Amino acid sequence: MRKFTSLLLLGFALGSFAQTPGGVSGRNVYDAFGRVAKAFYPTTEGNGSKSTFNKSFDNVSPTVTVYDVLDRATSVTLPDNSTTTTAYTVDNGSHALVTTVTDALHNVQATHTNGSGKTLKTIQKSGPDGEITTSFEYDGIQRLVRVTDTEGNVTTSTYDMGDRRTEVNHPASGITSFTYDALGNVLTKQTANLAKEGKFITYDYDYQRLTGINYPDHPENNVKYYYGGRNASQNRIGRLMLREDGTGAIEYFYGKMGEVTKTRRTMIVPNQAIATYVTQWTYDSHNRLLEMIYPDEEKITYSYNLGGQLEKVHGYKSYGYDYVSKIGYDKFEQRTYLKYCNGAETFYTYDPQRRRLQNLTVNSGGNTIMDNAYTYDAVSNVLSVVNGASVPQSGKAGGQMAHAYTYDALYRLVSATGTYTGADNKTASYTLAMGYDNMHRITSKRQILTQNNVQFNGTLNAGYDLSYTYGTDTGKKFQLANVKDVNYRTEETPSESENVNNNHAYEYDANGNLVYVNTSRTKKDGIADEKTAERKLKWDEENRLLSSDDNGFVTNYWYDADGERTVKTSGESDQVYVNSEFAGGRTNTAKFSLYVSPYLVANQGGRYTKHIYIGSQRVVSKIGDFDSYGSDPRRIQYAGSETDGLSVDYKVKYTQQLQVIKDNYATFAVPYNGEDNNDYVDGKGFCCNDGSLEAAQTRALARAAKNNFQEGDTYEKMQFYYHPDHLGSSSYITNLDGEVVQHIEYVPFGEVFIEERNNIWNTPYLFNAKEFDEETGLYYYGARYYDPRVSLWISTDILEEKNYGNSSYAYTYNPITFIDPIGTDTINISYVNKKWKIDAPIIADGNDVFNVANGDKKETYEFSQGEHGKRVNLLNLEIGETKDSYTLGVYHISGEADNGTGFYVAPGGEPSTKNGSGRRIPDGTYPIINPTAGSQWIKPGVGGNVSKRGIRFHYGGTNPRSWTEGCFVLSSGYSVNGNTIHYNADESKTASRNFDNALGAIGHFSYRPKSRTYNREGATFNAPIKHTLILKSRKK
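Numbers 362 to 1397, taken from the numbering used here, label the letters of the sequence shown in order.
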């Protein structure tokens, strides 16, 4: 199945918890065979009882597991009596092992595996058109070569003699091929688009260090990597010193432990200026972030409680502010309390049995603005969300909101309803009905909305009925062909005479990227207007959206080497079109957004927005202007300008990107009427009043704040605090006085249902806290762009070959419980050709695939290239008792606070005698959301039940020798009794961070378990990460 981030992993909700690897654990009761039969929640005790064993049990019913004679779990009953059962049989025809899982709502899924533990078939029993079956085929050495979904679509893979995948053929994105050098480095990559013209993306190396990426169509985006030599300063010996790409360059500075302490980033703002931004970080001995200095010179400090969890965030620039003055936690280390500088307080409560978010209350400005109550079914689908806060006073934003949801047997959202009541007789309601097929493609979407006195005094009725048709040719079956759109918007009672009948025709390129949408409208006389509206899209070699054209309104986009968007430019919307033909006006790039980092965004006219986080949750946005910024970004020393042996020609890059703008307009046959700005040194539009709308808005913001502060401190009051819902979506925004200045409600797939604004500043970070591009109506998620109206991505999933049996364009079929944080999420772990391999093909900074090969079996190891050809450093490996059996795994942290929580995974291997023969974890697919056969959730480094904390696949009692093949962690260089290889701390830390960054991590930290002398490395997320790990044994 498609892998999404679960917002209710093990009963925890997004934005509602913080977990740490060093907390308490509950008691377990074992059966006669040493298996965990009952797992209890933890209890609390006084500070003076550390040396006394606590015999008490928590008063909540335990999780009860029943096993068969082969130590396989046959039933798991959770504290609320929800039971999942598992049956094991043998298929008469294929002789495959059939594992049939029946969940708490009696829905069934079966998995067929062969004698090697390979999955041969998966069957979902409750599809709308019968069983949904996905079949898998392998070659003679057990490599997956063919996958056939329930509709007959086939994905194939081809390998060379070195066990490297040389070709993958997916029905949505066509053929992608790779070539390699003798060391296993990827030399070339060819997508279906490039194959048409015989072109390749090529990679350069210095031995196994990636030094360059070269693009055939857009060489202005080529990437160069520079590493510190033996005489390099700033602790840069052997480390990445500078990265150059089409957007400019970024220079790195390091501390003594290899941590990045400063970056200097010089960025090209096309047709505007060249600007440089410096950001600095300071860490403590546990690698926790203590201090961050923003490019505008504001200093942010972070404080932690005795448990190592984030407790306070303070900032100082002109004035001091406790942006987050207090964070509180319960015995499960879930967040229970959050207080902002403006006095707003958030309270979190959880149901005692499943630990799911039960209530989220926000008090601000002397009023309760959110009082969300949540209900769930037995498998944790959200059934309702009700905000029972009082209706605000006249003229105030906010109100009561109630949502209700229903699902089909595959837990896809099929219907939703919502009602809203606000001040001044504002009311609104919506209904939603969804249809899907067996491939989880959306077949229909019907949404009806009614508002009274919301946008104006009176009634608004609006709605649409979408019918989806997909391609029929090979390679087009996942792609939209047409969407029939019957919609209306009226102040009268809706009737058929008010309906507008549109048809949207879609075209995609060979890589599966959307390139054209033609909207035609059927007139009253029945004749179709063939060009009512057009959208054209242009993509680069890495499937990144370069530009869009909506009826002549062109928006341009630029990305760095990591694939992160750095610049967005567009005109000022004063073009005139007649019958879809340009008839006059300005077409230019005067309006821009410069994404310096997640912490700072600059805009035209000198305005900038600064974001402050706890972990990866944005809590405050501050607005500033050029005068309040600090050092002029146009005058700061360029990245790489004083680094020996380096020379970055920024003038050439600036000229190249200006030409890109003109090329984009030419591609769409839209006249470019902008004026070239060759004065990139001064860049007046970048900082000053150039008579544009954007500059005028900046001046208006300044005037709005001047009433309360002196001239030099104007912008210190422009602080806006976020109050998200369980999805992380911005629901309420409050100002420094605690007043609600923006209120947003959403329909399930991300469209705005209610929005109340103050017209001073409004956040663009809406659904899932992702940026909404008003130019296109799309959300930018990092890896892809999402269209909320049709509820689909506009390009393929970069992990599509892993998400068998699902549409590559589906956002998620349950948007109330899941999010897709960056557009892709899965992990594959295997041992092939004498190499352990963790496969996460996210081409970001090139460090995404981990391969580990054993050497001479004398504790020496070789670390080799990943199959995607980009270098990684190290991945921890724990030696078995015989020193030729290994345990490989991933340590992954999820949670809001800097200490998060994590999981260990010990894959099946060759069990040694002391590890308990026959007790190893079987090969197979293990979802991290439920304990599986014979396994127990264990607190990292502590032991005990962790249905509410970190995870370790574990057998037996507290004796470490009964653990399967030991356990491990991606860490920063540690050793345990000589049984774990001691790695270089800096390299190990880099590998750990790169892996987590590919999955969406922002913050990183290390911690020191009790009674240990080494640190472990982790990362922080804004939500639990739900993964499926495919574990495969080491074969001798």
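Where is the CB? At the ideal position from N, CA and C, for every residue including glycine. Nothing here was measured: the structure is a model prediction, and the numbers come from that model.
Sequence-distant residues of the same chain with beta carbon closer than 7 Å to residue i, five excluded per side
i, result
"TYR566", "ASN546 and THR572"
"ASN1119", "VAL1102 and GLN1103"
"GLN595", "PHE614 and TYR615"
"SER538", "THR527, GLU528 and GLN551"
"PRO656", "TYR638, VAL639, THR640, VAL957 and LEU961"
"GLU620", "TYR644 and ASN648"
"SER934", "Low local confidence applies: a pLDDT of 49 at SER934 is under 50, so the model's placement there is unreliable, with the coordinate-based value given in what follows. Cβ neighbours of SER934 beyond the five flanking positions: PHE914."
Rounded C-alpha distance that separates residue i from residue j
i, j, result
"ARG850", "ARG717", "39 Å"
"ASP1043", "ILE635", "9 Å"
"LEU466", "ASP1148", "32 Å"
"ASP453", "SER518", "Looking at the sequence itself, residue 453 is Asn, so the reference to Asp does not match. Roughly 29 Å separates the two Cα atoms."
"TRP1122", "GLU1106", "18 Å"
"ASN814", "GLY749", "21 Å"
"LEU841", "GLU868", "8 Å"
"TYR1082", "GLY704", "10 Å"
"ASP769", "PHE394", "40 Å"
"THR782", "GLY760", "6 Å"
"ARG1232", "TYR520", "Low confidence applies here, because ARG1232 scores a pLDDT of 22, under 50, leaving its location unreliable and the question unanswered by this model."
"GLY836", "GLN1018", "34 Å"
"ILE1173", "ARG773", "In the sequence as displayed, the identity of residue 1173 is Thr instead of Ile. Roughly 8 Å between the two C-alpha positions."
Beta bridge counterpart(s) of residue i as assigned by DSSP
i, result
"THR608", "DSSP, once it has assigned bridges, lists no residue as partnering THR608."
"TYR766", "ALA777"
"HIS972", "SER982"
"LYS845", "SER828 and ASN864"
"ASN783", "Note that residue 783 is Gly in the sequence shown here, rather than Asn. GLY760."
"ALA636", "MET628"
"ILE484", "ALA471 and THR494"
"SER728", "The sequence shown places Asn at residue 728, not Ser. In the DSSP output, where bridge partners are listed per residue, ASN728 has SER725."
"LEU544", "In DSSP, LEU544 forms no bridge with anything."
"PRO1085", "SER1091"
"GLU706", "LYS700 and ASN724"
"LYS1078", "Note: LYS1078 sits in no beta bridge, so no partner."
Buried versus exposed call for residue i [16 or more other C-beta atoms within 10 Å across all chains shown]
i, result
"SER410", "exposed"
"THR970", "buried"
"PRO580", "exposed"
"GLY976", "buried"
"ILE493", "buried"
"ALA543", "exposed"
"THR854", "exposed"
"VAL584", "buried"
"LEU1236", "Because the pLDDT of LEU1236 is 30, which lies under 50, any placement of that residue in the model is unreliable, and the question is left without a value."
"PHE317", "Coverage of the chain is limited to positions 362 through 1397, which leaves residue 317 absent and any answer about it impossible."
Proximity of residue i and residue j at Cβ, strictly below 7 Å
i, j, result
"GLY616", "THR622", "yes"
"GLU406", "TYR680", "no"
"THR474", "THR480", "yes"
"SER909", "THR1137", "yes"
"ILE997", "MET1079", "no"
"THR495", "GLY1166", "yes"
"LEU603", "ALA593", "no"
"GLU852", "GLY819", "yes"
"THR446", "SER436", "yes"
"ILE809", "GLY824", "yes"
"THR1178", "SER534", "no"
"THR450", "VAL459", "yes"
Residues of its chain near residue i, where Cβ-Cβ distance is below 6 Å and the 5 sequence neighbours each way are ignored
i, result
"ASP785", "SER755"
"PHE987", "GLY967 and CYS1048"
"GLU512", "MET800"
"VAL1009", "GLU605, ALA610 and GLY1001"
"THR627", "GLY609, ALA610, THR637, TYR999 and ALA1000"
"ASP826", "ARG807 and VAL847"
Neighbourhood of residue i by C-beta distance below 8 Å, restricted to the same chain and skipping five residues each side
i, result
"ASN720", "PHE708, TYR709, THR710, ASP732, ASN733, ALA734 and TYR735"
"GLU658", "LYS678, GLY991 and SER992"
Minimum Cβ-Cβ distance from residue i to chain B less than 7 Å
i, result
"ALA448", "Among the chains in the structure shown there is no chain B, since it carries only a single protein chain."
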